[in-house]
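With the numbering used here applied, the sequence shown covers -3 to 364. Presented below is the structure to which this report refers.
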Amino acid sequence: MIPVTKPYLPKREKLSHYIDGIYQRSWLTNQGPLVEELTRRLEDYLGLDNLLLVANGTLALQIAYQAVEIAGGQERVAAITTPFSFIATTSSLRWENIEPTYVDIEPRGWCLDPLRVEEALGQRTFNRHILALVPVHVFGNACDVDALAAIAERYGLKLIYDGAHAFGVKYRGTSLLRYGDASTLSFHATKLFHTIEGGAITFRRKEHLERARRMINFGSSPAGGVEALGINAKMNEFQAAMGLCILDDIDEIMERRAEIWNRYRSGLQGVVEFQEINKECEINCSYFPVVFESERMLISVKSELEEAGMCPRRYFYPSLDILSGVPPHDAKANSRAVSERVLCLPIYPDMTTEDVRAVIDNICRVMK
Ligand SMILES: *Cc1c(COP(=O)(O)O)cnc(C)c1O
């Protein structure tokens, strides 16, 4: 069987070495030394400041909304977000009582379209107070960060990027995650870099980091006592140990993914459509999405591949504006058009070249 993705597992001995240390210290969680070490090493590797490790990528989003103060107030508030993403982008907003307001994506790059955001903010009247933009660097492709920053500035909105796919992605030579008031990461087992379950937030402002640091530990202040409402969203030492092992191998992981990505790209050129990558962006080759001319074609290719033991996945389907029951006139046409026809092909570091070849050949055969 060829799965769509497969968690990367580091050398067992290396992980055991870290676990020996955890046993010696009997320090399992609560800002332990391995969490501290991983924080510093990730800041260094990714070129970021103000990084906070948390229990998973969904809590990363929720804590980010709270820390930049778009959540937790009494008002009925909303955020503009994309309908073309994993459900957590939307559900994290709703969980924090922030109404997701969908604006359509760009038809070729698939990220939130700044022109439409501008249009929506200028024309529409909302029954809730819009406080933020929550765009997604979908499949690691960079949003139009300059245009979105200008809009956020003009309308006084907070800008929080769901960067769950953007680990190691560069924009004009530096980390894409440096844009916005905050960006979040997911370190779930299926992601490019993982800590089994886990995530992170990187903030532009130190004070947001400090607020979030207290929030993830029940609102406790460093001096003792509880100074604000908090929750438990801490990363533990075993998660950090896994992360430290994988970070040692990350360059090889990314190289192998890029190799597979390039094989798909040349093997499927002219057969299917690809996501158009932002010109300023160096992607991380974490996903290989392809678009068919119709949903019918997608379904027949998918079932043929499954017959042959290959398991591509329909990321992201359906378009989220369908799920939350917005009126039909408000359908996000670009998002729906991509959602209905996009398939993510298997890609993971130990996928063999023969398996990549077999996926390409099968697609070409069905498309003929
Ligand atoms: C994986 C993912 C998340 C959620 O991360 P978890 O670590 O699984 O909670 C959020 N947003 C996007 C776009 C994702 O792909």
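Just so you know, even glycine gets a beta-carbon here, dropped at the ideal spot from N, CA and C. Since this is a predicted model, take the numbers as computed values, not measurements.
- The beta-carbon separation of residue 212 and residue 227, rounded to 7 Å, stays under the 8 Å limit for a contact.
- Per DSSP, the continuous alpha helix (DSSP H) segment holding residue 13 begins and ends at 8 to 21.
- The segment 234 to 311 is shown to contain whole alpha helix (DSSP H) runs of 4 or more residues at 291 to 303, in chain order.
- With respect to the 8 Å criterion, residue 140 and residue 154 are not classified as neighbours on the basis of their beta carbons.
- Shown here, residue 199 sits in a strand according to DSSP, grouped into three states.
- Distances between the C-beta of residue 187 and the heavy atoms of ligand 1 include at least one below 7 Å.
- Around the beta-carbon of residue 83, fewer than 16 other beta-carbon atoms lie within 10 Å, marking it exposed.
- Taking C-alpha positions only, residue 325 is separated from residue 317 by approximately 11 Å.
- Excluding sequence positions up to five before and after residue 117, its CB lies within less than 8 Å of the CB of 76, 126, 147, 151, all in the same chain and listed in chain order.
- Annotation for residue 177 indicates a beta carbon at 7 Å or more from all heavy atoms of ligand 1.
- Looking at the DSSP output, residue 46 sits in no beta bridge, so it has no partner there.
- Spanning the alpha carbons of residue 21 and residue 190 requires a straight line of approximately 24 Å.
- Checking the 7 Å criterion, the Cβ of residue 125 is out of range of every heavy atom belonging to ligand 1.
- Listed in chain order, the beta strand (DSSP E) runs fully inside the segment 110 to 182 are 125 to 130, 154 to 158, 178 to 182, counting runs of at least 3 residues.
- Bounds of any alpha helix (DSSP H) do not take in residue 340; it lies within the beta strand (DSSP E) bounded by 338 to 340.
- Three or more beta-carbon pairs separated by less than 8 Å are not found between the segment 98 to 110 and the segment 56 to 67, which leaves the two stretches without contact.
- Nearest Cα to residue 285 within the set 336, 275, -3, 319: 336.
- The Cβ-Cβ distance between residue 283 and residue 136 falls below 8 Å.
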